[in-house]
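One structure is given below, encoded as structure tokens.
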Amino acid sequence: MAFQRNHFYRSELALLCLFLGMLWEAGARQIRYSVPEELDKGSFVGNISKDLGLEPRELAERGVRIVSRGRTQLFALSSRSGSLVTAGRIDREELCAQSARCLVNFNILVEDRVKLFGIEIEVTDINDNAPKFQAEILDVKINENVPPGARFPLPEAVDPDVGVNTLQSYQLNPNKHFSLRVQSRPTGVKFPELVLERALDREEESVHHLVLTASDGGDPPRSGTALVTVTVFDTNDNAPVFTLPEYRVSVPENLPVGMRLLTVTATDRDEGANGEVTYSFRKLPDTHLLTFQLNKNSGEITLSENLDYEETDTYEIEVQAEDGGAYLATAKVLVTVEDVNDNSPEVTITSLFSPVTEDSPLGTVIALLNVHDLDSGQNGQVTCAISENLPFKLEKSIDSYYRLVTHRALDREQVASYNVTVTATDSGSPSLSTEVQFTLHVADINDNAPTFSYPSYSTYIPENNSRGASIFSVTAHDPDSKENAQVTYSLTEDTIQGALLSSYISINSDTGVLYALRSFDYEQFRELQMQVTACDSGDPPLSSNVSLSLFVLDQNDNVPEILYPTLPTDGSTGVELAPRSAEPGYLVTKVVAVDRDSGQNAWLSYRLLKASEPGLFAVGVHTGEVRTARALQDRDALKQSLVVAVQDHGQPPLSATVTLTVAIADSIPDVLADLSNIEPPVNSDSSSLTLYLVVAVAAVSCVFLAFVIVLLALRVRRWHTKRLLQASASMLPSLPASHFVGVDGVQAFLQTYSHEVSLTADSGKSHIIFPQPNYGDTLISQESCEKKDPLSLLDDSRFPVEDTPLVPVSSIFIPFLSFLCL
220 MAFQRNHFYR SELALLCLFL GMLWEAGARQ IRYSVPEELD KGSFVGNISK DLGLEPRELA
280 ERGVRIVSRG RTQLFALSSR SGSLVTAGRI DREELCAQSA RCLVNFNILV EDRVKLFGIE
340 IEVTDINDNA PKFQAEILDV KINENVPPGA RFPLPEAVDP DVGVNTLQSY QLNPNKHFSL
400 RVQSRPTGVK FPELVLERAL DREEESVHHL VLTASDGGDP PRSGTALVTV TVFDTNDNAP
460 VFTLPEYRVS VPENLPVGMR LLTVTATDRD EGANGEVTYS FRKLPDTHLL TFQLNKNSGE
520 ITLSENLDYE ETDTYEIEVQ AEDGGAYLAT AKVLVTVEDV NDNSPEVTIT SLFSPVTEDS
580 PLGTVIALLN VHDLDSGQNG QVTCAISENL PFKLEKSIDS YYRLVTHRAL DREQVASYNV
640 TVTATDSGSP SLSTEVQFTL HVADINDNAP TFSYPSYSTY IPENNSRGAS IFSVTAHDPD
700 SKENAQVTYS LTEDTIQGAL LSSYISINSD TGVLYALRSF DYEQFRELQM QVTACDSGDP
760 PLSSNVSLSL FVLDQNDNVP EILYPTLPTD GSTGVELAPR SAEPGYLVTK VVAVDRDSGQ
820 NAWLSYRLLK ASEPGLFAVG VHTGEVRTAR ALQDRDALKQ SLVVAVQDHG QPPLSATVTL
880 TVAIADSIPD VLADLSNIEP PVNSDSSSLT LYLVVAVAAV SCVFLAFVIV LLALRVRRWH
940 TKRLLQASAS MLPSLPASHF VGVDGVQAFL QTYSHEVSLT ADSGKSHIIF PQPNYGDTLI
1000 SQESCEKKDP LSLLDDSRFP VEDTPLVPVS SIFIPFLSFL CL
């Protein structure tokens, strides 16, 4: 039993919590207060911070503020106390006239949440107004033949208060002829009637003075008085009668001033002055006095002031008709003002959140708008729209509020700001619209890496450049803004021929200008490949790379290098052989030279600079071949000296020279005989020379024996190589006899020539040197020219020949010479 009771209590507790939660949720959106009118400025209305669930200090921090439309602000927020207070004196009668309830509605916006709370404040009435008659003196005209019991309506007093504070009763000072009766209209308005209690006698008393008092029910009560003057007339037994007890007319609010609204008509069956009817306004509020005009003779009511539906939509007028006697008749006139679409919608930007970051998610609130139209019905129905090409859309919020939210992704690099035009259009005919414009800025984020103008770069620099010279400039563009678009440049570190790239090239991190840190040599390297990195200053930073090719241009900075002939290493001068029987054009030798430059800087030409016998020899301009220009004669000297110059085609050209010694003889014995003739006198110490020769002959004989053995082995090997190469000989192209020094690398075609003997001579001794036999046209590479002796270029392993290998002169002829000497 106890368990069931506890379970029942728990169920009731849960329902109570649920009910309180629903009340709390409902109250979260609508907060109600009550305040009496006529309070001083700053009077407490309600604890708004408590009702919003905030601390007083949070009101300013969270942007809590009152948003209202088109009226004087009656209330204010106190950030110190967190209370809602009055902003000035509140007059209920001015604010709500005589409405039963006077409600003031506005909204409170919590800006950081973009949340609205509805506030409803009821202004209660106090007894601050006394009943008041429209006129202080009321004239009543009564015929003396009016029987007792006749009633005469009197103007009612007006009290703008409501409830018990408004008019409650009338009183008439005591007299013997009249009494007072209070009547109520269907609307609840009380009005007094003067009742005749005793017949009047004009001759006895023609004027009666009465005091009419109107009182309200306030605490303390207030009252107003009017003096009623009753004038007794002679007999007039017919009162005017209106054709209608109530006249109704509907007019548009834009009716021009002076136009007729309607005409009231009353008739009196009396004749003469008693039948003449005049019209007047019996009861007309002060606010209507200047709006309408009544012709007292014709009863025509015209408009004397412009109407405004938004201020007043109905007018209630009482018109009285009076004949020449004392009879009156009253009629009511109801003027209904019809709304005309004469007010354009009003758009108020309540909140604007600008700038907005370009990475804002969809649905982000950009602005809060309030839309209102003073017209009513269809004329007051407003729709809002924005341009369809904008990445935003309008969403309806509570009441007449709209939210502008993001509808598509934003990109500041495409559009940095938007001019948003909100168009509010009502449903009237014709419709009216209002446009409000505002600018929304898009804040940048670092979402773009720097981009170079080209996918790759190449530039050229002449060799032997000065250090610190500007080479090239790269530019990267970042479409972001501020620090996100600040680009810095750097080089990706690399190694070139064992040295870091940063020792060759540097780059200005701000401008992207590249500088040479050393002088480049085309013969050392011709191209540098590097990566340039552009990085912005965003967080996190973004970067991109581009390849840059730096080509070194050749300059004529290398003198031609003569490969053949070369001076012997022992300091003697080489001698070339020319037989006396040589015909014109006989090839004596060939000067071979290379240039480490390229292009026209390496194009070589040869010329005979100096000769001991002019006209005897000629040099090929392009080949370097030294040939006889005429037949040799007996008168020609045995020893001819030639100076050959080799020059490139650079600007300016560079050149080198070589001195050739040509010996003229028909046979080897002649050479030896002539050689002995050109030798200087032998030293007197012949015994010492003979000893040296004997020792030399013995040593050379031993070497000769060893050489014969080696020669046989090489001969067998050469014969075997020859057989192998005969099969592929047909596949080898024949090479021209001309010699060309290439552009991209030093290449030379070298042709050697067979001679019976070559002689060298110096001041102290004589040598006989045989050069290699003629192996035909041969290609010599730059590397071989740089690394080997010129005569060793014709290596048997690279250039197979058919002739016998080189036989040292000393191995063949020295034993023969030794024999002759003995």
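Here the sequence shown is numbered in the numbering used here, starting from 220 and rising by one per residue.
Cβ coordinates follow ideal geometry from the N, Cα and C atoms, glycine included.
For my contact list, residue i and residue j are in at a C-beta cut-off of 8 Å; report their separation, rounded to the angstrom.
| i | j | result |
| --- | --- | --- |
| T448 | V426 | 6 Å |
| Q1043 | S523 | What is shown of the chain runs 220 to 1041, which leaves residue 1043 out entirely. |
| M749 | T711 | 7 Å |
| R826 | V838 | 6 Å |
| F739 | I680 | 6 Å |
| V584 | V566 | About 17 Å; that fails the 8 Å criterion. |
| F263 | S298 | Actually they do not touch by this definition, with Cβ atoms about 14 Å apart. |
| V491 | N560 | Per the sequence presented here, residue 491 reads as Gly, with Val not at that position. About 53 Å separates the two Cβ atoms, so there is no contact after all. |
Compare the beta carbon distance of residue i and residue j with 9 Å and say whether it is the shorter of the two.
| i | j | result |
| --- | --- | --- |
| L258 | I309 | yes |
| N820 | N775 | yes |
| G843 | V865 | yes |
| L873 | D867 | yes |
| D666 | E577 | yes |
| R622 | E632 | no |
| E802 | F770 | no |
| F461 | A319 | no |
| S573 | L587 | no |
| V483 | L463 | yes |
| S652 | D663 | no |
| L328 | G282 | yes |
| Y498 | G477 | no |
| S675 | L767 | yes |
Among the options, which one has its Cα closest to the Cα of residue i?
| i | options | result |
| --- | --- | --- |
| G443 | S817, V430, V451 | V430 |
| R370 | V377, D378, I361 | I361 |
| D773 | R849, Y741, L526 | Y741 |
| S692 | E702, G839, I724, N703 | I724 |
| N473 | F452, D729, E780, N562 | N562 |
| G599 | Y734, V264, P580, S619 | S619 |
| R799 | P504, V929, N346, R849 | R849 |
| T432 | D438, D344, S398 | S398 |
| R854 | L296, I883, A875 | I883 |
| A695 | L481, L293, Y673, Q870 | Y673 |
Taking the straight line between their C-alpha atoms, what separation do you get for residue i and residue j?
| i | j | result |
| --- | --- | --- |
| L910 | R936 | 39 Å |
| E355 | E535 | 22 Å |
| Q390 | G596 | 46 Å |
| N324 | T521 | 37 Å |
| K927 | C921 | Strictly speaking, residue 927 in this sequence is Val, with Lys absent from that position. For V927 and C921, the distance between alpha carbons rounds to 10 Å. |
| K260 | V286 | 19 Å |
| A349 | L271 | 40 Å |
| V254 | P275 | 21 Å |
| F923 | V877 | 34 Å |
| D996 | T707 | With a pLDDT of 33 at D996, under the threshold of 50, the predicted position of this residue should be treated as unreliable, though the coordinate-derived value follows. Rounded to the nearest angstrom, the two C-alpha atoms are 59 Å apart. |
| Q223 | L273 | In this prediction, Q223 has a pLDDT of 43, which is less than 50 and means its spatial position is unreliable; what the coordinates show is noted afterwards. In a straight line, the C-alpha of Q223 is about 41 Å away from that of L273. |
| N394 | A445 | 16 Å |
| K858 | V881 | 6 Å |
| V836 | P779 | Checking the displayed sequence, the identity of residue 836 turns out to be Phe instead of Val. Taking the straight line joining both Cα atoms gives about 22 Å. |
| Y734 | S721 | 10 Å |
| I250 | L503 | 39 Å |
| G382 | A604 | 46 Å |
| S791 | S817 | Confidence is the limiting factor: at S791 the pLDDT is only 45, short of 50, which leaves the residue's position unreliable, though a coordinate-based value still follows. Looking at the two C-alpha atoms, the distance is approximately 33 Å. |
| S957 | V929 | Summary for S957: the model assigns pLDDT 33, below 50, so the residue's position carries little reliability, and this model does not support an answer. |
| F452 | H428 | 15 Å |
| V530 | D594 | Checking the sequence shown, residue 530 turns out to be Glu, not Val. Whole-angstrom Cα-Cα distance: 10 Å. |
| F959 | T730 | Caution is warranted here: a pLDDT of 34 is assigned to F959, below 50, making its placement in the model unreliable, and the coordinate value is therefore given only provisionally. For F959 and T730, the distance between alpha carbons rounds to 47 Å. |
| L322 | R479 | 37 Å |
| D532 | V556 | 5 Å |
| P367 | G436 | 32 Å |
| D420 | V342 | 53 Å |
The region 593-609 in contact with the region 623-639 per 3-pair CB rule at 8 Å: yes
Evaluate the contact criterion for the region 374-392 versus the region 406-424: three or more CB pairs, one atom per stretch, below 8 Å. yes
Flag this pair as touching only if the region 749-761 and the region 653-661 have three or more C-beta atom pairs under 8 Å; answer yes or no. no
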